[in-house]
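Residue 78 in our numbering sits at position 77 of the sequence shown, with consecutive numbering throughout. Beta carbons: idealized from backbone N, C-alpha and C, even for Gly. For clarity, every value in this text was computed on a predicted model and none was experimentally measured. Following: one structure in structure tokens, then a few remarks.
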Amino acid sequence: MAKKSIPLKEQRRMFESNLMFLHAVLFNKFADREYVIGIDPSLVDTAVAVSKIGRKHGYVYADSPEDCRDQTKKLNVFHRIDLTREYLLKLLLKYRSRLVCIEGYAYGKQTNRELMGEVGGMIRLNCFYDHPNLVGAVIVVGPTQLKKYILGSAQVAGGQKTKQLIMLNVYKRLGIEVTNDNQADAIILAKIAKDMVNFVLLFGERNFNGEKDIRDFINKGWENTQFPKYRWEVLCSLIINKCDRRRLFDFRRAE
């Protein structure tokens, strides 16, 4: 069954509401948090990138430790998931973050979809829902959105060539050399999180003058900012589709 599209008028209303909500979360309740985090889930090699807000370049932490990778390769799937849970919880406790971006599911993938669902469910339940104060907010970034954010377009064929292209662009555009595509994805996700914090800081308290003003802002607002158009489009899309409080975007129990 095809997913029902959201009418444009409703999208604009959601954008304004969710932008205000994000501002309240990131700059009121969790304003003292210094870090953002990107998480690329994997059965064997879950990668995490931690970046400090206000720091232009560089990452505090960007990898999954070798002992974790070596152990997970030797374990059955449930032990792998549990080891990943322990690894993530330690990092989240050490780097109390304002915003986490995690890669969403690749629904068109033909292999390991069910197992990746178990990994994703574990992360959401054990790392976010059961520990609501570890992170300020969580946004799920789709694989095509991640690809577009670093390449400028999502219209790139999949496979190993695309992974190599993403790694190359992480080096060319962000100045960071990586050794595998999981690291690259985690760094891009942390970049999205940092840019989202800056976006919300700049525009979170903006007073929109009706629906046309919101539409013009979404379509043309990038022209007077440091954001390229393709990244602006991804950020606006995430605010519209990923930050609805009814969908538990921040994975916290209702207070």
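Annotation for Leu116: the continuous alpha helix (DSSP H) segment containing it runs 114-123.
For Val198, there is no enclosing beta strand (DSSP E); the enclosing alpha helix (DSSP H) has its first and last residue at 182-204. Remark: three or more beta-carbon pairs, one from each stretch, lie closer than 8 Å, so the stretch 197-211 and the stretch 9-24 are flagged as touching.
Judged by their CB atoms, Arg81 and Leu126 are not nearer to each other than the 8 Å cut-off. With a cutoff of 8 Å on beta-carbon distance, Glu104 and Asp182 are scored as not near each other.
Exclusion of the five residues before and after Glu224 leaves no residue of its chain whose Cβ lies closer than 6 Å to its Cβ. Within the stretch 19-104, the complete alpha helix (DSSP H) runs of at least 4 residues fall at 67-75, 78-95. Comparing alpha-carbon positions, the option among Gln184, Met168, Leu135, Val235 lying closest to Leu94 turns out to be Leu135.
Remark: fewer than three beta-carbon pairs, one from each stretch, lie closer than 8 Å, so the stretch 212-229 and the stretch 183-192 are not flagged as touching. Contact between Val142 and Arg99 is ruled out by a C-beta separation of about 16 Å, above the 8 Å threshold. With respect to Gln146, Ser52 sits apart: the two C-beta atoms are not nearer than 8 Å.
The Cβ-Cβ distance between Tyr60 and Ala194 does not fall below 8 Å.
Annotated three-state conformation of Val179 is coil, per DSSP.
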